Each structure stands twice: as structure tokens, then as C-alpha cells.
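Protein chains in written order, with my numbering: chain A, 24 to 405; chain B, 24 to 405.
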């Protein structure tokens, strides 16, 4: 298959590019290095300086004999994606080209404006590239479980039948995000739902939970092929950050009571999900939504898991509760459905002590590179 | 009160400016003449060439002794509104600064891109102007009844309690628009809901139905103070367009079966609603939503009303069914709540034969200016 990856330089985008290329697909990775720039601007560079796309693609080709094509392009630029699609004619487009940090989006006006314009802009231009140059292309967009918030009823997979005053109808599940970033993902979903319905597009929206892991199998242990590993408060997701904190002697910072429950998944399961989704496009004209995670943990449970694995590695890992810088409930009902991907064939990897240990050991090897000043929350929006 | 009107040159914006100024409020009208430009670009100029803001404000002052301040500014421009708000310190901001045409938004990529960027951009900059320069300012945003689409259950006023699997919670009413324009209004609502909740803002969102009428009372019959009267397929709303068709001998073009039902209101009732809403701000932190219309008609009922009033004026007004250029159901359930504004004190003006006759006569006086080539649909998205 011909697969284009928007945001192909990112934490998920790069492993996805390797994953499809390893299977023999023709892969085109697009990126404008926005995440790299934002990380520099906010003193949030990843643990290791990752090579840029040309060097990564060359290294991957040398190691595996597989080719990943790449192009440096701003996917939100007027018409740029349409030109790429007219040439490459993708069968599927995996869309990761968004500013992914909730705290970054809450820093101030400029960060919020960038997040909104970039995220809606890339989705908009992707839709038009498909409509104008590749109408059969399956759009696979990354959404967020955070779009749903934490309602007091069960979270369904994207859609819900509502019975009301003796009648009923089916609707996009109502959403209420906790940050400007999450709101931008809601806007994305609304836009893609309309365009799919109005134009008979093939589209899947993946409501993903936080991902953990420092590498995927296709990197074959070569650290130059690992994705950006962020352990900072802005771009680091919680399990990766906790692993880095354990490895570098920084107490695990649990926000608030730590009873916030979320659905998590291993980076390698993200790749598994994407492969399953791309292999089975939905019928045209109706947005398909999957809730993409494998296990639910509270933040406190995660901290205790990391502490225990640290102990096995001979590390003393204290847990420290700090005021929650985010506007979110830390006691809440949480029962999100996640059957769709299991039915497609997903075989979950549960969060294991081995995976946590390998993440901690990875950071230990690069312990000198850890900047301890960028772990505590630098943005608050309570 | 100090009231700023975003889009103060528009069909609703200008009468609103006159309405508040007549009551003695301090009014600042902002506009960048976007609608004028789009009308020129698409051969959709209004029936009469309306004077620009400086001339209108001067004429209004000469006629009434009341002052309307104006400024030519792009409300979506980075930081522009914040500078205006820091100086003017409004008590209320009425937000009409959006591209308002569904067919225009469906013409192609460039029109869709402009609609999305302008409409979300103005709402975003307004929110930040309030947060940064006037946190007590009540945001009154114009939404659209079209955000709801035509679901098979009752439409509530913005929010709905959903009972699901033995539990319940309250949500923004799920929305599904029928055009890119309506989708942009949904995105607007989502964004304003989040920002209101996250920042304790005072905000009201008015889900308005199509408005009719060629003038408001404050113009005192002076046609230079009438708002843009659009009778074309892009910017003309249905009752205004039918009045123009009746006056100029163009058969009334009913789209599809004509059984599409919508809630309508008189332009003067829009002004009444705005005055009631501005006088009674909601508590902070929760977006208040009103469904703003007074009566429900099907398109066919409207055509028959206009034909009958035309007959009384000695006009032969044929009705002609044409293929629906819009993607919408023409047989559907429709029962939208609209109690909120009545409870605030709204006294509806029902659609009267007199109002229709005065609209038809207005167009008859300017019959030579009617361009009959811009009445039939020029954009289709079925």
C-alpha cells in the first residue's frame, strides 16, 4: 500500500513510518519539524537529540534495506498537501501532524493560537487533499480520549444513541475537553465528521489514550531510530516521565490526589492498531471512531508500579503529591468502551515490569542528559 | 453600557449598532468589510449600495443625534481585538464577525478555508481580548439553529441531559451541521464553551434561525440606514429572497419538496433578543445557550404566504420547485425548544402580511436594481 504519514518525524509518526515500511508498504513521511521547534522554544528538548528525517531514513535503510521517503512540508499550508497527494496518490493517510501538548496549548495566547490554527489547519488541508487528489484515500486521524473528558456516564466509541422524550437518534458522542489542545481535537473531529458525511470520504478517528514506551521493535535497538523521548512537563506523557524521574532520582510528581483514571497503551500497540485500521477501511460517508487504549490506570497506580520496578532495579523512588496544575477532576467515574480495535484483532501488550524496567534503564544510560528543571509543571490552568 | 459590535457593518450588525445607540448605550462598531468584498467577488452585491460605516454613522447622528463609534479592523488578526478592548473596555461584546453563508462556504477550497479561519479566528481573538483586557465583558456570540441539523429527537436549548445505561449527565447538545459554514459555527460553540468553563467567562450563544426584514425601526424609513439587503442565492436568506423574487417577477424557487422546517424571526426581534440578553448576563463559567427564533415554517408555507401577499398587491407569483442544491432532509422531525428568550421577556412579532408587503414594495421601488441571474442556486453540494 501507499501510505503517507503526516507528522512523520514525531513520537508516533516515526515509529509508524518504520512499521509500515518494514511490512513492505511504500511510505512517505511528511513533517515541518514544528515539534522540534516548539521543544527548543520551551526548553523541552527530548532526552536524546534525534537525527532529522534524512539521516533517520538513511540509517533505517542501511539497517533494514527498507526505504522511507520523506518531505519537509507544512501540512497546514494552503494547498501544499494537495500537491503532495496529486503526486504520491496515497491509499491511506495517517494524520499525526498536530501540536500534541495540553500544557503547551495553555501557556498563553500565542501558543493557543498556534495550536488551534495548526491542528484545524492540517486536518482541513488533509481533507481537501483527499477530496481533490485522492478521493479513495482512507484518512486515519489521531484524536484523543481527552476529547470526552470524564462524564458521569459510560463513554462509547465515538457515537451514542440518545433516547429523549420518547424518541431516539444517533449522535457523535458529546465532548468536553479539559484544555485548548483537547478542544482543538474536538474541533478536528467535528470537521472530519462533517466532511466525511458530506463527501462520502473513508475516515477513521482514533481516540487515543496516553502512550508509553521509548522504542518500537523496528528500531532493532538502534537508539538513533528511537523516537523523541520527552520526559518534560509539556511534551512528556506520564509513564515516560515517571520512568525518567525514577532513573534520575526525581520524586514521582503525582498531580492532585492521583485518582485521575485514563486508558493507556504501549507505543507498539499504537502501531498494531494503525496496521489493523489501515487494513480494514470503513464504508464511505460515516466517520468510524475507535477508542484506542488497552488498560486503565490511575496516576497513583502508575506511580506505585514505577516505584516497585525501580525498587527491583535498586532505586529509591519516592512519590510526591503536588497541586494539580490541570483543570481536571481527580475523583471521577470512568468507563470507556474499547471493543472496536479488539474486534479488529488487536492483541494488547499489558504494561509489564519488563517494559518499565527497560524504559528506566534506557534513561539511566543517558542520565547525564536529564535536565531536572523541566520536570515540574511550568504551566498551570486551574 | 459600553457595547462593542463585531461585524458592525453587517445585515444584523448595523441595525444592532443603531438599536443600542438609540437606547443611549456607548456603541463601537468594528468591521473589515469582509462581507462587502465577498459579495463583490461573487457577484452578490445587495439590492442597494449601502454607505460605508463612516457615512452611515454620520447619517445616523444627523438623523437622531446619537453617536456610533466605528473602526475598520480585522477581528481575526493576531491581537487586534485585544488592543481595541484595552482601550474601549466594553461591558458586552456582540459577535457577528463571521462569514455567514452556507453556499459560499461550499463553493470550494478557498471559500471553505476563509470561512473556517475567519469564523474560528474571530471567536478565538474575541475570547482572548476578553481574557486579557475586559474579563467582566459579556460575550454574546451569534450561533445558528443549523448547528443542530434535523435530529429525530427534540432539540433542546444548547444543553441536554443524557440518561445512558442507568446513569446520567448533562452535555452540550450534540450537533451535526449541513454545510462547512454550519460546521464552523459548531466549532465556534465548542471553543467558546471550553473557554467559558476554563476561565469563568460570561458568555451567551444564540442559536438563531433565518432572519427576515429589510429594515429596523431605528432607520426611521431612511433607506441609507437600511442594512445590506441580499436577495441572491449566497447571502440572501429565504424570506428576503422570496420577497425579491415576487417583486421582480422571478418564480419562487422552492428547493426540493419544500418541507424543510426551520425557525424564523423578524430582524426587529433579533434586536429585541440582543437587548434582553445583554441586559441579563449569565453567571460566569457556564455557556448559556438560547434558541433564537419565534415561529416555525416550512419553505413551502413561506412561498405560499409570499404568493398570497403578492396576489393582494396585484402580482402574479408562481412557485417553482427545483432540485435541492443543499444536502439536507426535506422530510424531517423538527421540534426545537425556544423558551429561554420568552422567559427573558421576548414579545414576538409574528410574520405578518404587512411586513411581507412592505418588503415586496421595498424591492419594487428598486426593481431595476435586481439582477435576476443571481437568484437561482449557483452552488450545489448534494
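All C-beta atoms in this analysis are idealised placements derived from N, C-alpha and C, irrespective of residue type, glycine included. These numbers come from a predicted model, not from an experiment.
**Q.** Exposure of residue 200/A, with buried meaning 16 or more beta-carbon neighbours within 10 Å
**A.** Here residue 200/A is taken as the residue at index 177 of the first chain, counted from 1. It counts as buried.
**Q.** Contact the region 159-166 of chain B vs the region 215-230 of chain B: 3+ CB pairs below 8 Å
**A.** yes
Q: Please go through the region 28-110 of chain A and give each complete beta strand (DSSP E) segment of 3 or more residues, from N-terminal end onward.
A: 49-54 and 91-95
Q: Could you tell me the boundaries of the beta strand (DSSP E) in which residue 184/B lies?
A: Translated into the one-based positions of the second chain, residue 184/B becomes position 161. Here the beta strand (DSSP E) through residue 184/B covers 182-187.
Q: Have a look at 270/B, 333/B and 370/B and flag the residue whose alpha-carbon is nearest the alpha-carbon of residue 318/B.
A: Stepping through the second chain from its first residue, residue 318/B is reached at position 295. The candidate whose alpha carbon is nearest that of residue 318/B is 370/B.
Q.
So if DSSP puts residue 385/B in a beta bridge, which residue, or which two residues, is it bridged to?
A. Walking along the second chain from the start, residue 385/B turns up at place 362. For residue 385/B, which the question treats as bridged, DSSP gives no partner whatsoever.
Q: Look at residue 168/A and residue 286/A and say whether their C-beta atoms are less than 7 Å apart.
A: Residue mapping note: residue 168/A aligns to position 145 of the first chain, counting from 1. Residue mapping note: residue 286/A aligns to position 263 of the first chain, counting from 1. Against a cut-off of 7 Å, the Cβ pair of residue 286/A and residue 168/A comes out as a contact.
Q: Using 10 angstroms around the beta-carbon of residue 253/B, count the other beta-carbons present and answer buried if the total reaches 16, otherwise exposed.
A: Residue mapping note: residue 253/B aligns to position 230 of the second chain, counting from 1. By the 10 Å Cβ count, residue 253/B comes out buried.
Q | Three-state class that DSSP yields for residue 344/B in the structure shown | A | Looking up residue 344/B in the second chain gives position 321. Three-state result, residue 344/B: strand.
Q. Can you name, in chain order, every residue of its own chain whose Cβ lies under 6 Å from the Cβ of residue 279/A, other than the five neighbours on each side?
A. As a position in the first chain, residue 279/A is number 256, starting the count at 1. The residues are 347 and 353.
(Q) Would residue 149/A and residue 104/A be called neighbours here (beta carbons separated by less than 7 Å)? (A) Start at 1 with the first residue of the first chain, and residue 149/A comes out as number 126. Start at 1 with the first residue of the first chain, and residue 104/A comes out as number 81. Closer than 7 Å, so yes.
Q: Give the secondary structure of residue 327/A by DSSP, where H, G and I count as helix, E and B as strand, and everything else as coil.
A: In the first chain, the residue the question calls residue 327/A occupies position 304. The answer is helix: DSSP assigns residue 327/A an H, G or I state.
**Q.** 8 Å contact criterion, which residue 125/A and residue 202/A should meet: CB distance rounded
**A.** As a first step, residue 125/A is located in the first chain; it is residue number 102 there, counting from the start. As a first step, residue 202/A is located in the first chain; it is residue number 179 there, counting from the start. At roughly 4 Å, the Cβ-Cβ gap stays under 8 Å, so residue 125/A and residue 202/A are in contact.
Q: Residues of the region 135-152 of chain A with a CB closer than 7 Å to any CB of chain B: list them in chain order, please.
A: 136, 139, 143, 147 and 151
Q) Quick one: what's got a C-beta closer than 8 Å to residue 39/B's C-beta in the same chain, skipping five residues either side? A) Here residue 39/B refers to the residue found at position 16 when the second chain is read from its first residue. Excluding sequence neighbours, residue 39/B sits near 28, 31, 117, 119, 293, 294 and 297.
Q) Can you give the Cα-Cα distance for residue 50/B and residue 92/B, rounded to whole angstroms? A) Position 27 of the second chain, counting from 1, holds the residue named residue 50/B. Position 69 of the second chain, counting from 1, holds the residue named residue 92/B. Spanning the two alpha carbons is a distance of roughly 6 Å.
**Q.** Which of helix, strand or coil DSSP assigns to residue 231/A
**A.** Walking along the first chain from the start, residue 231/A turns up at place 208. Reduced to three states, the DSSP call for residue 231/A is strand.
Q) Taking the alpha helix (DSSP H) that residue 264/A falls in, what are its first and last residues? A) Walking along the first chain from the start, residue 264/A turns up at place 241. It spans 261-271 - the alpha helix (DSSP H) in which residue 264/A sits, taken as one unbroken run.
Q. At a CB-CB cut-off below 9 Å, which residues of chain B make contact with residue 162/A?
A. Sequence index remark: in the first chain, residue 162/A carries index 139 (1-based). Neighbours of residue 162/A on chain B: none; closest Cβ ~16 Å, over 9 Å.
Q.
Given 6 Å as the limit, tell me if residue 359/B has its C-beta closer than that to any heavy atom belonging to the ligand SAH.
A. Among the components modelled here there is no ligand, and therefore nothing to report on the ligand SAH.
Q) Among 391/A, 211/A and 396/A, which one has its Cα closest to the Cα of residue 71/A? A) Residue numbering aside, residue 71/A sits at position 48 when the first chain is read from its first letter. When each option's Cα is compared against that of residue 71/A, the closest is 391/A.
Q: May I ask you to list the residues that DSSP assigns as paired with residue 287/B?
A: Numbered from its first residue, the second chain carries residue 287/B at position 264. Paired residues: 318/B.
Q. How would you write the range of the beta strand (DSSP E) that residue 276/B sits in, first residue to last?
A. Numbered from its first residue, the second chain carries residue 276/B at position 253. Looking at the DSSP string, the run of the beta strand (DSSP E) that includes residue 276/B is 275-278.
Q) Is there at least one Cβ from chain A nearer than 7 Å to residue 389/B's Cβ? A) In the second chain, residue 389/B corresponds to position 366, counting from 1. Residue 389/B does not count as touching chain A.
(Q) Please state whether the Cβ-Cβ distance between residue 275/B and residue 268/B is less than 7 Å. (A) If you number the second chain from 1, residue 275/B lands on position 252. If you number the second chain from 1, residue 268/B lands on position 245. Yes, Cβ-Cβ distance for residue 275/B and residue 268/B is below 7 Å.
Q.
Strictly by DSSP, which residues pair up with residue 123/A?
A. Here residue 123/A refers to the residue found at position 100 when the first chain is read from its first residue. Partner(s): none; residue 123/A has no beta bridge.
Q: Quick one: using the 10 Å Cβ neighbour count with 16 as the cut-off for buried, is residue 375/B buried or exposed?
A: In the second chain, residue 375/B corresponds to position 352, counting from 1. That one is exposed.
Q. By DSSP, does residue 178/B sit in helix, in strand, or in coil?
A. As a first step, residue 178/B must be located in the second chain, where it is residue number 155. Residue 178/B falls in the strand class under three-state DSSP.
Q | Residues near residue 323/A in its chain [Cβ-Cβ closer than 7 Å; skip 5 each side] | A | To locate residue 323/A, count along the first chain from 1; it is residue 300. Correct list, in chain order: 277, 281 and 282.
Q: Using the DSSP secondary-structure output, state which residues sit across from residue 194/B in a beta bridge.
A: Within the second chain, the letter at position 171 stands for residue 194/B. According to DSSP, residue 194/B bridges with 183/B.
Q: Note down, in chain order, all residues in the region 168-182 of chain A with a beta-carbon under 9 Å from any beta-carbon belonging to chain B.
A: 174, 175, 176, 177 and 179
Q. Which residues in the same chain have their Cβ closer than 7 Å to the Cβ of residue 67/A, if we skip the five residues on either side of it in sequence?
A. Residue mapping note: residue 67/A aligns to position 44 of the first chain, counting from 1. Excluding residues within five positions, the ones whose Cβ falls inside 7 Å are 253, 255, 257, 258 and 397.
Q) How about residue 197/A: is its C-beta nearer than 7 Å to some C-beta of chain B? A) Locating residue 197/A in the first chain gives position 174, where the first residue counts as 1. Interface residue, yes.
Q: Measuring alpha carbon to alpha carbon, tell me which of 36/B, 175/B and 45/B ends up nearest residue 55/B.
A: Within the second chain, numbered from 1, the residue matching residue 55/B stands at position 32. Comparing Cα positions, the closest option is 36/B.
Q.
I need the straight-line Cα distance from residue 101/A to residue 383/A, nearest angstrom please.
A. On the first chain, position 78 is the one that residue 101/A refers to. On the first chain, position 360 is the one that residue 383/A refers to. Cα to Cα, the separation comes out at about 43 Å.
Q) Helix, strand or coil: which one does DSSP assign to residue 169/A? A) For the purposes of this step, residue 169/A is taken as residue 146 along the first chain, with counting starting at 1. In this structure, residue 169/A counts as helix in the three-state DSSP scheme.
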